[in-house]
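Structure first, then comments.
There are 2 protein chains.
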Amino acid sequence: MTGEARARFERIYTLLRERICLLDYPPGMRLREEDLAEEFDTSRTPIRRVLARLEDEGYLRSVHGVGTIVTDIDIASLEQVYRLRVELSELIGKLSPIEPDEDAKRAFAGMKTRCEALVRTPSQRAFAQLNMDFFHLLMTLTENEPLQEFSERLYYQTTRIWLKRAAGEDGTEETLASEIGFFLREVSDIAAAVACGALESVGQIRRAHVAMSFARLKERAGEEVEAGPL
Amino acid sequence: MTGEARARFERIYTLLRERICLLDYPPGMRLREEDLAEEFDTSRTPIRRVLARLEDEGYLRSVHGVGTIVTDIDIASLEQVYRLRVELSELIGKLSPIEPDEDAKRAFAGMKTRCEALVRTPSQRAFAQLNMDFFHLLMTLTENEPLQEFSERLYYQTTRIWLKRAAGEDGTEETLASEIGFFLREVSDIAAAVACGALESVGQIRRAHVAMSFARLKERAGEEVEAGPL
DNA sequence: TGGTGCTGATTTGTACACAACATCGTTGGC
DNA sequence: GCCAACGATGTTGTGTACAAATCAGCACCA
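Chains as they are written, first to last, in the UniProt record's numbering: chain A, 1 to 230; chain B, 1 to 230.
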């Protein structure tokens with residue numbers, strides 16, 4: 001696969017993955033190859049190429065005669081993914097870190113501004129988008145491509161589940177506001193570390209926040225078990 | 001994809017990946033979809049599904065009108081992959097380690113025996129196979145699936161290149177014997193650590209050996225640049 | 001002699017028809 | 001009324017023909 005075909009593949013792949021992460025395609029949703037083929041004005045074949053990759057990476061599961069379903073993750077698997085993600089987070093500052101230039105520093109400052117605006121007018125959707133943009137900005141701090149790739153995998157797998165439980169339909173408006181507050185602190189801390197070029201600190205701060213984020217998620221899940229109907 | 005289709009997919013995928021890692025398909029080799037289809041008694045379609053995954057994971061590169069070529073890796077990319085691999089190696093003992101039972105301990109002891117036999121009658125092929133088996137045995141020490149998956153990716157990507165340069169046609173018989181010697185020490189050390197259930201030590205020993213292995217690789221590459229025809 | 005364009009062969013990428021399979025409603029027997 | 005078998009419908013998996021792209025060889029000309 002090369003040239004134009006490759007470009008189209010990447011375009012569709014990135015778009016579908018984003019839809020999954022932002023919960024436009026929530027866990028359990030059924031996709032139809034033919035619908036996607038029509039949307040992207042092609043046949044099923046190239047679509048199936050994309051879906052195959054998304055399935056290999058664990059976002060989807062195709063079942064013969066039924067459809068391709070967006071996966072959900074049980075809390076046990078999520079814990080495994082999170083533990084690894086915590087470890088990898090720290091490596092941003094240790095493996096081939098890129099000294100941030102003025103543009104990069106401005107970009108982090110801009111993130112903080114967006115986040116402050118979000119605190120004033122909370123929105124689940126805007127939060128999800130900001131969270132994702134911030135992640136991608138973080139990734140520009142290392143030039144270690146395998147680390148980038150694996151971090152992306154872990155990010156997309158965990159964040160969509162986290163988003164669903166912490167700030168989605170399951171959660172209240174208070175939990176959304178609370179999570180945005182925590183996120184503002186993370187962005188502020190990291191922006192400050194970037195501003196003085198302390199990339200190792202960036203990794204450590206990120207690591208701490210990812211770990212805390214998961215701890216809150218588990219705590220909330222525990223409450224549900226106690227109070228919930230299930 | 002499910003049931004029988006899934007099983008066939010996994011079978012072909014695993015086999016082809018092993019061929020790539022063991023250098024049956026050396027870097028630069030061109031594969032033909034139709035040949036593979038014939039070998040596995042099916043059409044191009046399921047084969048393409050496998051090749052797509054191998055391409056996504058970086059082992060192959062399909063070029064329209066040319067063929068699918070086994071990839072090579074430049075020393076710079078290899079360095080990035082190795083750095084990450086060094087970090088992940090240590091995590092075996094830290095993320096959901098599984099306390100080895102008697103069978104597991106025997107398996108590690110058996111590896112040591114095989115390795116000692118290999119010292120007496122060196123063989124590039126047998127070394128490659130043993131190295132791979134040992135890796136898979138190591139992976140049984142953690143139940144963290146994402147860690148297993150990522151470790152596998154990094155292992156297969158680096159080992160085939162390492163094997164080619166350190167013990168393949170490029171290397172002399174002395175380097176092969178030397179590498180087998182180093183490997184015996186690694187296997188011995190790790191088997192000892194496993195025997196007393198010190199999984200954290202297993203990770204640290206492994207980390208050290210992976211790092212040293214890459215250091216030797218780079219040193220040898222440096223010599224080539226000085227002495228070689230290129 | 002060297003270079004340039006063409007043509008045929010080869011190989012991957014795409015489209016489409018059909019097979020395999022799962023689901024659900026219906027119908028018949030009891 | 002209930003349950004089981006069956007068929008209709010919808011969806012993914014497979015096979016195959018064809019399109020698109022690359023490359024090597026060769027003829028042809030300056």
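Where is the CB? At the ideal position from N, CA and C, for every residue including glycine. No experiment lies behind these values; they were computed from the predicted model shown.
Within 8 Å (strictly less), CB to CB, does residue i reach chain A?
i                      : result
residue 265 of chain B : Any property of residue 265 of chain B remains undetermined from this structure, which presents chain B solely from 1 to 230.
B:T2                   : yes
B:Q80                  : yes
B:R53                  : yes
B:S96                  : yes
B:H136                 : no
B:A5                   : yes
B:G228                 : Confidence at B:G228 is low in this model, with a pLDDT of 47, below 50, so the placement of that residue should be treated as unreliable; the coordinate-derived value is given next. No, B:G228 lies away from the interface with chain A (no Cβ there is under 8 Å from its Cβ).
May I ask you to list the residues that DSSP assigns as paired with residue i?
i     : result
A:I69 : A:R30, A:R61
A:P97 : A:T142
In the structure shown, what three-state DSSP assignment does residue i receive?
i                      : result
B:P146                 : helix
A:F40                  : coil
A:M111                 : helix
A:P46                  : helix
A:M1                   : coil
B:L176                 : helix
A:A208                 : helix
A:Y25                  : coil
A:A193                 : helix
A:T121                 : coil
residue 232 of chain B : In this structure chain B extends from 1 to 230, so residue 232 of chain B is not present and cannot be described.
B:A198                 : coil
A:D133                 : helix
Here's a check: name, in chain order, each residue in its chain whose Cβ is nearer than 8 Å to the Cβ of residue i, leaving out the five neighbours to either side.
i                      : result
A:Q204                 : E90, G93
residue 262 of chain B : Because chain B here runs from 1 to 230, residue 262 of chain B falls outside it and cannot be looked at.
A:G197                 : E99, P100
B:E200                 : G93, K94, P97
B:V210                 : Y82, R85, V86, S89
Between residue i and chain B, is there a C-beta pair that is closer than 8 Å?
i      : result
A:N131 : no
A:R207 : no
A:L145 : First, the amino acid is wrong: residue 145 of chain A is Glu here, not Leu. So yes, A:E145 belongs to the interface.
A:F150 : yes
A:R49  : yes
A:D83  : It is worth fixing the name first, because residue 83 of chain A is Arg in this sequence and not Asp. It does: the Cβ of A:R83 has a partner Cβ on chain B nearer than 8 Å.
A:L154 : yes
A:S62  : yes
A:D56  : yes
Between residue i and residue j, what straight-line distance do the alpha-carbon atoms span, to the nearest angstrom?
i      : j      : result
A:E116 : A:L88  : 27 Å
A:D133 : B:E4   : 40 Å
B:G58  : A:T172 : 43 Å
B:D35  : B:V66  : 15 Å
B:R220 : B:F9   : 38 Å
A:I12  : A:E149 : 18 Å
A:I161 : B:R32  : 40 Å
B:V187 : B:S213 : 13 Å
B:R19  : A:L84  : 29 Å
B:G110 : A:P146 : 33 Å
Whose C-beta lies closer than 7 Å to the C-beta of residue i among residues of the same chain, with five residues either side of it excluded?
i      : result
A:A167 : Q124, F127, T175, L176, E179
A:V81  : L154, Q157, T158
A:M1   : F9
Cβ of residue i versus every heavy atom of the ligand PLP: is any distance shorter than 7 Å?
i      : result
A:M212 : In the structure shown, the ligand PLP is absent, as is every other ligand, since no ligand is present at all.
Excluding sequence positions up to five away, which residues of its chain have a Cβ less than 6 Å from the Cβ of residue i?
i     : result
B:R30 : G67, I69
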